[in-house]
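Note sheet for the following structure.
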Amino acid sequence: MKMTQTYENLIELQKLLTIRFKLEEKIEELPKMLSSRREVLNRLKKSYLLKHDQFKKLEQNIFSHQKLMGELTLQQKNLNEKVKIVSTQKEYEHLDNEIAIAKRKEEEYRFHLLQDQRVIDDLRNALEKDEIAIKQQEEEIQKEDDRIKLELISVEKELEKIKKKETELTHEIDDNVRYKFERIVKNKEGIGIVKVVKNYCSGCYLTIPLEFINKIRENIGIQFCPNCSRILYYEESEDNIFSIEDGIEDNDSEFFDEE
Ligand SMILES: [Zn+2]
Numbered sequence: 009m010k011m012t013q014t015y016e017n018l019i020e021l022q023k024l025l026t027i028r029f030k031l032e033e034k035i036e037e038l039p040k041m042l043s044s045r046r047e048v049l050n051r052l053k054k055s056y057l058l059k060h061d062q063f064k065k066l067e068q069n070i071f072s073h074q075k076l077m078g079e080l081t082l083q084q085k086n087l088n089e090k091v092k093i094v095s096t097q098k099e100y101e102h103l104d105n106e107i108a109i110a111k112r113k114e115e116e117y118r119f120h121l122l123q124d125q126r127v128i129d130d131l132r133n134a135l136e137k138d139e140i141a142i143k144q145q146e147e148e149i150q151k152e153d154d155r156i157k158l159e160l161i162s163v164e165k166e167l168e169k170i171k172k173k174e175t176e177l178t179h180e181i182d183d184n185v186r187y188k189f190e191r192i193v194k195n196k197e198g199i200g201i202v203k204v205v206k207n208y209c210s211g212c213y214l215t216i217p218l219e220f221i222n223k224i225r226e227n228i229g230i231q232f233c234p235n236c237s238r239i240l241y242y243e244e245s246e247d248n249i250f251s252i253e254d255g256i257e258d259n260d261s262e263f264f265d266e267e
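Numbering (the numbering used here), first residue to last: 9 to 267.
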C-alpha cells in the first residue's frame, strides 16, 4: 500500500476513533445515570421501614393499654361491689383508696392511649404517602431503565459498525503503530496525525530539522513527532515546498535519538 493511502486511512481512522471513544464513554456512563435516583429510592424505602416498625410498636402499645384499661375498669367494678358490703370504716377507707388508685391508673393509660393514637394516625398517613411515592418512583426508574437498555443496544450496534470499518481501514497498518495511534488520538483531543507545514509540526509547532523532514517525505515508514508523538506526513504542494535555508539552522543531531 502506498504511504499516501496509509495517511488517508489514518485520517479516516482518526474520525472513526473519535466516534468510537464517544460511544464507549456512553456505554460506560449510561448505566450510571440511574444510580442517584436509585439512592433516593433506597433512602425512601429505609425511612418507610423505620416508620413501619414504629407503627407496629405503637399498635402493640395501644393494644396492651386498652387491655390494661379494661382490666382496671373491671377491678373498679369489683371494688365498688365490695364497698357495698363492707362493715368497718377501716375496710371502707382501704377499698376507697384502691378505687382511687385504679382510677388514676386508668386515666394515665387513657392519656397515653390518646397520645399514641394521634401519633399512629400521623404515621398511617405518612406510610400511605410513602407507599405511593415508592411505587411511583419504582415505575419511573423501571421505565427509564428500559429506555437506557434500548439505547445501550443501539449504541453497541453502532460501535460494532465502527469497529468493522476500523478493521477494514487498518488491516495493512502495523499493530504497534495502530495501538500507539489510538492512544495519541485519545490523549490529543482526537488529533493523532498532522501535516508538516513549512518546517514545523502543525500539531505542536515544534520546528523539525531538514533531515527528519526528508525522512518523512521519503514515505518509507511512519514517523512520529518527537514532541507531541503525533504521526507526521508531508503534503507535496506549491506552497509547502520546504526551503532548505529554513531547515539547516535547526538541524539537531540529538533530535534523531528518539526511542
Ligand atoms: Zn508535534
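Even glycine gets a Cβ: it sits at the ideal position worked out from N, Cα and C.
Residue from the options whose Cα sits closest to the Cα of residue i
{"i": "Asp138", "options": "Glu180, Ile70 and Lys53", "result": "Lys53"}
{"i": "Ser210", "options": "Glu219, Gly200 and Leu218", "result": "Gly200"}
{"i": "Ile107", "options": "Asn86, Gln97 and Arg126", "result": "Asn86"}
{"i": "Asn235", "options": "Ile216, Val185 and His120", "result": "Ile216"}
{"i": "Lys59", "options": "Arg51, Ala134 and Asp154", "result": "Ala134"}
{"i": "Gln62", "options": "Ile128, Asn207, Lys169 and Gln150", "result": "Ile128"}
{"i": "Glu115", "options": "Ile170, Lys34, Gly229 and Gln74", "result": "Gln74"}
{"i": "Ser43", "options": "Lys188, Val163, Asn207 and Ile149", "result": "Ile149"}
{"i": "Lys34", "options": "Ile140, Glu164 and Arg118", "result": "Glu164"}
{"i": "Thr14", "options": "Ser245, Asn207 and Glu176", "result": "Glu176"}
{"i": "Glu47", "options": "Ser162, Glu146, Glu101 and Val202", "result": "Glu146"}
{"i": "Glu36", "options": "Tyr100, Lys92, Glu99 and Ile161", "result": "Ile161"}
{"i": "Gly333", "options": "Thr96, Tyr117, Phe220 and Gln97", "result": "The chain is shown from 9 up to 267; residue 333 falls before or after that span and cannot be answered."}
{"i": "Gly229", "options": "Asn184, Lys206 and Thr96", "result": "Asn184"}
Own chain partners of residue i with C-beta closer than 6 Å, once the 5 adjacent residues on each side are dropped
{"i": "Leu167", "result": "Leu31"}
{"i": "Asp124", "result": "Leu66, Asn69 and Ile70"}
{"i": "Asn227", "result": "Met11"}
{"i": "Asn222", "result": "none"}
{"i": "Val94", "result": "Tyr100"}
{"i": "Asp182", "result": "none"}
Cβ-based neighbour list, residue i, same chain, cut-off 7 Å, excluding 5 preceding and 5 following
{"i": "Ile224", "result": "Val204, Gln231, Leu240, Tyr241 and Tyr242"}
{"i": "Met41", "result": "Ile156"}
{"i": "His120", "result": "His73"}
{"i": "Lys194", "result": "Phe29"}
{"i": "Cys311", "result": "This structure cannot speak to residue 311, because the chain is shown only from 9 to 267."}
{"i": "Ile192", "result": "Gly200, Ser237 and Arg238"}
Under 9 Å between C-beta atoms of residue i and residue j
{"i": "Ala110", "j": "Leu131", "result": "no"}
{"i": "Lys173", "j": "Arg238", "result": "no"}
{"i": "Lys90", "j": "Leu76", "result": "no"}
{"i": "Arg45", "j": "Glu159", "result": "no"}
{"i": "Leu49", "j": "Ile156", "result": "no"}
{"i": "Gln198", "j": "Leu25", "result": "The sequence given here places Gly at residue 198; Gln does not occur at that position. Taking 9 Å as the Cβ cut-off, Gly198 and Leu25 qualify as a contacting pair."}
{"i": "Tyr56", "j": "Ile142", "result": "yes"}
{"i": "Arg51", "j": "Ile170", "result": "no"}
Cβ neighbours of residue i in the same chain (closer than 8 Å, five flanking residues each side left out)
{"i": "Val178", "result": "Residue identity check: residue 178 is Thr in the sequence provided, not Val. If we look at Thr178 and ignore the five residues flanking it on each side, its Cβ neighbours are Asn17, Leu21 and Arg186."}
{"i": "Glu244", "result": "Arg225"}
{"i": "Gln84", "result": "Ile107, Ala110, Lys111 and Glu114"}
{"i": "Asn105", "result": "none"}
beta-carbon residue i near ligand 3 non-hydrogen atom, thresh 8 Å
{"i": "Phe63", "result": "No copy of ligand 3 appears in this structure; the ligands present are ligand 1."}
Short CB-CB distance (under 9 Å) between residue i and chain D
{"i": "Glu197", "result": "Absent from the structure is chain D; it holds one protein chain and no more."}
(message) Restricting to runs no shorter than 3 residues, where is the beta strand (DSSP E) found entirely within the segment 97-167?
(response) The beta strand (DSSP E) runs lying completely inside the segment 97-167 and spanning 3 residues or more number zero.
(request) Give, in chain order, every unbroken run of the alpha helix (DSSP H) that is at least 4 residues long and sits entirely within the segment 175-217. (result) 183-195
(request) Please write down, chain order preserved, every residue whose beta carbon lies under 6 Å from a heavy atom of ligand 1. (result) So the residues near ligand 1 by this Cβ test are Cys209, Gly211, Cys212, Leu214, Cys233, Asn235, Cys236 and Arg238.
(message) If we require 4 or more residues per run, which alpha helix (DSSP H) segments fall completely within the segment 42-105?
(response) 43-92
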